[in-house]
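Everything on this sheet refers to the single structure shown next.
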Amino acid sequence: MILVTGGAGFIGSNFVLDWIAVMGEPVINLDRLTYAGNLKNLAQLEGDPRHIFVRGDIGDYDLVAKLLAEYRPRAIVNFAAESHVDRSIHGPEDFIQTNIVGTYRLLEAARGYWNALPEAEKAAFRFLHVSTDEVYGSLGPTDPPFSETNRYEPNSPYSASKAASDHLVRAWHHTYGLPVLTTNCSNNYGPYQFPEKLIPLMIVNALSGKPLPVYGDGLNVRDWLYVKDHCAAIRCVLDRGRTGETYNIGGWNEKTNLEIVHTLCHLLDELKPRTDGKSYREQITYVKDRPGHDRRYAIDARKIERELGWRPAETFESGIRKTVNWYLDHPDWVESVTSEAYRDLSGRQ
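For the sequence shown, this note's numbering assigns the number 471 to the initial residue and increments by one for each residue that follows.
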């Protein structure tokens, strides 16, 4: 059995679904169910005894300690985080509390549990911390992609809070010996992503006849990783990664935001044409840039391929088509999340 935190969010829920489908191993799923956490993501596991859902906060030390003592998981996979840059700019305190204080308390509960395990279980235990490429800062147009040895230069309250959590995880390994693993991933996309992030926001707005807001000149570059490839990479790291190590996980897909929006418009023109026969591109609108907007992220994912044999299975072309089809096939899911929490986003990416 493993404990997954934040397992009702976008990446976490995809991981839980894939873990149970691929591994068949039970999961305790701890999630606070903030606006981005949604049990509808896990509807197919309803009644499945391998999925034990607990509503709660990673910052609740007593609750986490109780769950660890009761279920005795062999690993913790920590997805729980506030993760939206715009929200961190408008209200950074939640990011400090969840990403820094919450990670600290989760580490402390894990350390107490791990120290009390019998030697064989102690040796096998792992704490895997899921982080972001944003901790490395911003790249110039010709800079090499981020490797695991890049120094940390976070530029937003979100990335600063994730950088702090990464440092805590590292310190708990070097000071206390806790067997940790850290992964830093590029931009994920795929099913169940809340429509404040670029790709689902554009899909939802396009289908609703709303503007497709593009920050600045639209030439900010990101590396894009299909979420199920990310889940497979995390399984590899958990299974074979060296404790204390960091593994960067990327999709080898650098695209500008404008390229992404044009691709989505092209796919929607094909799969769900506008009734007036015009292209969805006509809905593109340029808006004032985000404060401190990082220009380029790119991941060098050679270490995880070299050491663990992982490489993404999806190309961007195959993954983005699957993603658009998923949103078109799940209008009820889209309606439920947009009606409950989307109204206050004001078209932000």
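C-beta: ideal position from N, C-alpha, C; glycine also.
Query                                                                                                                                                                                               : Result
Can you list, in chain order, the residues of its chain whose CB lies under 6 Å from that of N658, leaving out five sequence neighbours each side?                                                  : I481, L695, V697 and H700
Is it buried or exposed, L668, if we count other Cβ atoms within 10 angstroms and call 16 or more buried?                                                                                           : buried
Please report the residue range of the beta strand (DSSP E) in which E724 lies.                                                                                                                     : E724 to T726
If you draw a straight line from the C-alpha of Q819 to the C-alpha of L689, how long is it?                                                                                                        : Only weak support exists for where Q819 lies, its pLDDT of 37 falling under 50; the value from the coordinates is given anyway. Taking the straight line joining both Cα atoms gives about 14 Å.
In terms of alpha-carbon separation, which member of E589, L538, A594 and T602 lies closest to N569?                                                                                                : T602
Would D759 and G660 be called neighbours here (beta carbons separated by less than 8 Å)?                                                                                                            : no
Is the separation between the beta-carbon of N548 and that of V492 shorter than 8 Å?                                                                                                                : no
Compare the beta carbon distance of G607 and N625 with 8 Å and say whether it is the shorter of the two.                                                                                            : yes
When DSSP labels each residue in this structure, what does H521 get in the three-state scheme?                                                                                                      : strand
Between V684 and R776, what straight-line distance do the alpha-carbon atoms span, to the nearest angstrom?                                                                                         : 37 Å
Looking only at C-alpha atoms, which of E540, E729 and N511 sits nearest to F786?                                                                                                                   : E729
Roughly how far, in whole angstroms, is the beta-carbon of T475 from the beta-carbon of A539, given that I think they are within contact range, below 8 Å?                                          : Incorrect: roughly 16 Å between the Cβ atoms, too far for contact.
Can you name the start and end residues of the alpha helix (DSSP H) that D802 belongs to?                                                                                                           : P801 to V807
Would Q514 be called buried (16 or more neighbouring beta carbons within 10 Å of its own) or exposed?                                                                                               : exposed
For a minimum of 4 consecutive residues, which ranges assigned as the alpha helix (DSSP H) are wholly contained in the segment 528-585?                                                             : 531-541, 555-560 and 573-585
For I498 and L533, which I take to be in contact (beta-carbon distance under 8 Å), what is that distance rounded to the nearest angstrom?                                                           : With 8 Å as the limit, I498 and L533 do not qualify as a contact, their Cβ atoms being about 11 Å apart.
Whether or not the segment 735-743 and the segment 713-720 are in contact is what I'm after, with contact meaning three or more pairs of Cβ atoms, one per stretch, closer than 8 Å; do they touch? : no
Tell me the residue span of the beta strand (DSSP E) that contains S678.                                                                                                                            : Premise fails: S678 is in no beta strand (DSSP E) and is neither H nor E.
Do L577 and L500 have their C-beta atoms within less than 8 Å of each other?                                                                                                                        : no
Rounded to whole angstroms, how far is the Cβ of H643 from the Cβ of T713, which I believe are closer than 8 Å?                                                                                     : 7 Å
So for D764, helix, strand or coil by DSSP?                                                                                                                                                         : coil
Among A590, R705 and I559, whose alpha-carbon lies nearest the alpha-carbon of P761?                                                                                                                : I559
Return the chain-ordered list of same chain residues with a C-beta closer than 6 Å to the C-beta of S629, the five sequence neighbours on each side being excluded.                                 : E604 and V605
What three-state label does DSSP hand L671 in the structure shown?                                                                                                                                  : helix
To which residues of the same chain is D530 closer than 8 Å at the C-beta, ignoring the five residues directly before and after it?                                                                 : R575
Can you check which of these residues, R791, T755 and V691, is closest to D764 by C-alpha distance?                                                                                                 : V691
Report the rounded CA-to-CA distance for V639 versus D802, giving the unit in angstroms.                                                                                                            : 39 Å
Residues in the same chain with beta-carbon distance under 8 Å from L522, minus the five sequence neighbours each way, listed in chain order, please.                                               : The amino acid at residue 522 is misidentified as Leu; the sequence shows Ile. For I522, where only same-chain residues beyond five positions count, the Cβ hits under 8 Å are P496, V497, I498, N499 and Y541.
Under the three-state reduction of DSSP, which class applies to L473: helix, strand or coil?                                                                                                        : strand
What are the boundary residues of the alpha helix (DSSP H) that includes L638?                                                                                                                      : P627 to Y646
Under the DSSP definition of a beta bridge, which residues are partnered with W780?                                                                                                                 : Bridge partners of W780: none, in fact.
In chain order, which alpha helix (DSSP H) runs of at least 4 residues are fully inside the segment 692-746?                                                                                        : 697-710 and 727-741
Could you give the distance in angstroms between the alpha-carbon of E805 and the alpha-carbon of F664?                                                                                             : 11 Å
Can you tell me the Cβ-Cβ gap for T716 and E618, rounded? I've got them flagged as a contact below 8 Å.                                                                                             : 5 Å
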